[in-house]
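Adding 3 to a residue's 1-based position in the sequence shown gives its number in this note's numbering.
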Amino acid sequence: MPTVTLAATPPRGASAIDIPTPSTAVSKLPADKKRAAKLQGFEGKPGQALVLAGNGSGPVEVLVGLGKPSEITIDRIRQAAAAYARAVSKHEHVACTLAAGIGGVEATAAIPAVTEGMRLATYRFTTYKADSPVKLKKITLIASGRGLRASLSTANAIVDAVTLARDLGNEPGGSLTPQVFATRAKRLATKTGIKVTVWDEARIRRERLGGLLAVNQGSENPPRFLTVRYVPTGRKPKANLALVGKGITFDSGGLSLKNPNGMVTMKVDMAGGAAVLAAMSALPAVDAPVAVTGFIPLSDNMTGGAAQRPGDVFTARNGKTVEVLNTDAEGRLILADALAVAAEGEPDAIIDIATLTGSASVALGAGIAALMSTDDKLATRLEQASGRSGEKLWRLPLPSEYRSQIDSTIADLKNIGSGPYGGTLVAGLFLKEFTDKRPWAHIDMGMAAFSDSDRGLVVKGGTGFGVRVLIDTLANW
Ligand code: BES
Ligand code: MN
Ligand code: ZN
């Protein structure tokens, strides 16, 4: 992944440079450039980038579309930077002038946008590859002024966090077991200044995390339960918050087995847990003003001989009994325990994030995550952070008239609803039973955690969704 630095003037070594081009600027380009644009259909639209054939000396110039000047926003700049980075991904060292600010956006805001756009669009998971298709090593942002260095360094920390979440999401289920996830979290803690505590299986049993143990029954890999802690230095925290992330390192569905197609992306079922860990790793760098405790229950969902059977009942951490009628609705079982543990700390708010239901993506598509909340103020904070970060959330209800769908004949609750509809809402209502009436928000990422194409800031595979919206929420509390 490329490093990003600042300079006042274009560096000698750069072999490409951008020409930020709003749609109204195309007709004012010098004749040769205007002709190239016309011939190749470059209209200055957002997302367009046209590499111009150079004259053999100096850097290659790239027209980067920005759309209408009046519509240039931070997210436009982010997307334009992503398109530019893709267009020059075979270059080793490139310069970027977009970061100087354009439209109404100042350099202090443009720098993070460009850093995110360029670095994230050229992310590749190369652990198992001899060679990366991306050659980009160095990006020099051309900008000068006060406070730019600080805004670059927090932007880099945020991108590092997204990169971590993507790396975890891309790592195969067979190699990223709960134990391995825990070890990596521990290593990260020493590097970034957050604290990580790991409960092993014996401790999990003593703590009566019945949902996590029930899901883990069919697995050869023992479960883990992580607690991550961040406290701001030198001041009283504005609030005490809890984050909870689903950490299913592979979801086969258990005895309610998924079909082969449904299983292929299920190494990413720990994306919620990864988002919590990754977001928290950036809190020291962004100097977040709140104290945060993260809870990450980890297990895979397998079909071993001791696997839980449809119809089995377990007792969750908060004492409620749950009849498991579909072992593929496992995320809510491990989250039940984690939410209960989180609530015991009496936080001012709890936010959980999970790849919980396929229905979330049926409703919203793969690029938008569902948001549900018992607290309008908390929901608004997340929606505002979503607007700033460009990670899209859309609020769905928690309708009390659907609550009876999770009534069980023999236990306090059952883990699935009574029909094919509203699966995301029913899952939300199930989780709500474990929040002890604390202000709570739930983000169901569905397929937003995994992309089957390169688009915008996202590349094929784990997207790291949620990391930026969580960091933004906490940093701006
Ligand atoms: N991890 C899946 C949800 C999922 C599926 C996320 C596809 C992203 C893409 C979850 O554990 C699951 O299997 N949910 C079931 C629930 C159902 C059995 C009530 C689902 O969505 O089908
Ligand atoms: Mn499942
Ligand atoms: Zn799952």
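By construction, the Cβ of each residue, glycine as well, lies at the ideal position given by its N, Cα and C atoms.
These numbers were taken from a predicted model, which means no experiment stands behind them.
query: Sorted by chain position, which residues of the same chain lie with C-beta nearer than 6 Å to Ala-430's C-beta, five sequence neighbours on each side aside?; result: Arg-335, Leu-359 and Thr-360
query: If you reduce the DSSP assignment to three classes, tell me which class Val-325 lands in.; result: strand
query: If you follow the alpha helix (DSSP H) that Thr-383 is part of, which residue opens it and which one closes it?; result: 379–392
query: So the alpha helix (DSSP H) Ile-77 belongs to, where does it begin and stop?; result: 77–90
query: Closer than 5 Å between the C-beta and any heavy atom of the ligand ZN: which residues qualify, listed along the chain?; result: Ile-251, Asp-254, Asp-272 and Gly-334
query: If you scan the region 21–68 from start to end, which runs of the alpha helix (DSSP H) of 4 or more residues do you find wholly inside it?; result: 34–42
query: Using a Cβ-based criterion (distance less than 8 Å to any ligand heavy atom), does Ser-362 qualify as near the ligand BES?; result: yes
query: Which of the three DSSP states is assigned to Arg-398 in this structure?; result: strand
query: With 16 as the cutoff for other CB atoms within 10 Å, does Gly-61 come out buried or exposed?; result: exposed
query: Thr-296 and Gly-368 - do their beta-carbons sit closer together than 9 Å?; result: no
query: Let me know if Ser-376 comes out buried or exposed under the rule of 16 or more other beta-carbons within 10 Å of its beta-carbon.; result: buried
query: Which value, in whole angstroms, describes the spacing of the CA atoms of Ile-299 and Ala-388?; result: 22 Å
query: Hey, would you say the C-beta of Asn-219 is under 8 Å away from at least one heavy atom of the ligand MN?; result: no
query: Relative to the C-alpha of Thr-27, which residue among Pro-13, Pro-14 and Phe-45 is closest?; result: Phe-45
query: What residue from Asp-447, Asp-170 and Ala-84 has the CA that sits closest to Leu-101's CA?; result: Ala-84
query: Taking just the CA atoms, how far does His-94 sit from Val-165?; result: 23 Å
query: Assuming contact is defined by CB atoms lying nearer than 9 Å, are Ile-75 and Pro-13 in contact in what I supplied?; result: no
query: What does DSSP give as the partner residues of Phe-453 in its beta bridges?; result: Gly-465
query: What I want to know is whether the C-beta of Phe-453 ends up closer than 8 Å to one or more non-hydrogen atoms of the ligand BES.; result: yes
query: According to DSSP, is Arg-206 helix, strand or coil?; result: helix
query: Is the beta carbon of Gly-256 sitting closer than 9 Å to the one on Asp-331?; result: yes
query: Considering only the beta carbon of each residue, do Ala-291 and Leu-477 sit closer than 9 Å?; result: yes
query: Determine which residues share a DSSP beta bridge with Phe-298 and list them.; result: Thr-230 and Val-247
query: Rounding to the nearest angstrom, what Cα-Cα distance links Ile-251 and Lys-270 in this structure?; result: 8 Å
query: When you compare only the Cα positions, how much space is there between Asn-262 and Phe-253?; result: 14 Å
query: For Asn-219, count neighbouring C-beta atoms within 10 Å of its own C-beta (all shown protein chains included) and say buried if the count is 16 or more, exposed if not.; result: buried
query: Taking all protein chains shown into account, decide if Lys-189 is buried (16 or more other Cβ within 10 angstroms of its Cβ) or exposed.; result: exposed
query: Can you list, in chain order, the stretches of the beta strand (DSSP E) that have 3 or more residues and sit fully within the region 130–209?; result: 141–145 and 198–202
query: Quick one: measure Cβ to Cβ for Asn-243 and Ala-294, integer angstroms, because I've assumed they're closer than 8 Å.; result: 5 Å
query: Which residues in the same chain have their Cβ closer than 8 Å to the Cβ of Val-108, if we skip the five residues on either side of it in sequence?; result: Ile-75, Thr-76, Ile-77, Ile-80 and Ala-116
query: Around the Cβ of Pro-5, are there at least 16 other Cβ atoms within 10 angstroms (buried) or fewer (exposed)?; result: buried
query: Given a cut-off of 9 Å, decide if Gly-464 and Arg-169 are closer than it, judged by their beta-carbon atoms.; result: yes
query: Can you say whether Gly-238 is buried or exposed, counting buried as having 16 or more other CB atoms within 10 angstroms of its CB?; result: It should be pointed out that residue 238 corresponds to Arg in this sequence rather than to Gly. The residue in question, Arg-238, is exposed, as its Cβ has fewer than 16 Cβ neighbours within 10 Å.
query: Taking Cβ to Cβ, would you say Pro-23 is nearer than 9 Å to Leu-55?; result: no
query: Where does the unbroken beta strand (DSSP E) through Thr-8 begin, and where does it stop?; result: 6–10
query: Have a look at Ala-153 and Val-231 and give me their C-alpha separation to the nearest angstrom.; result: 26 Å
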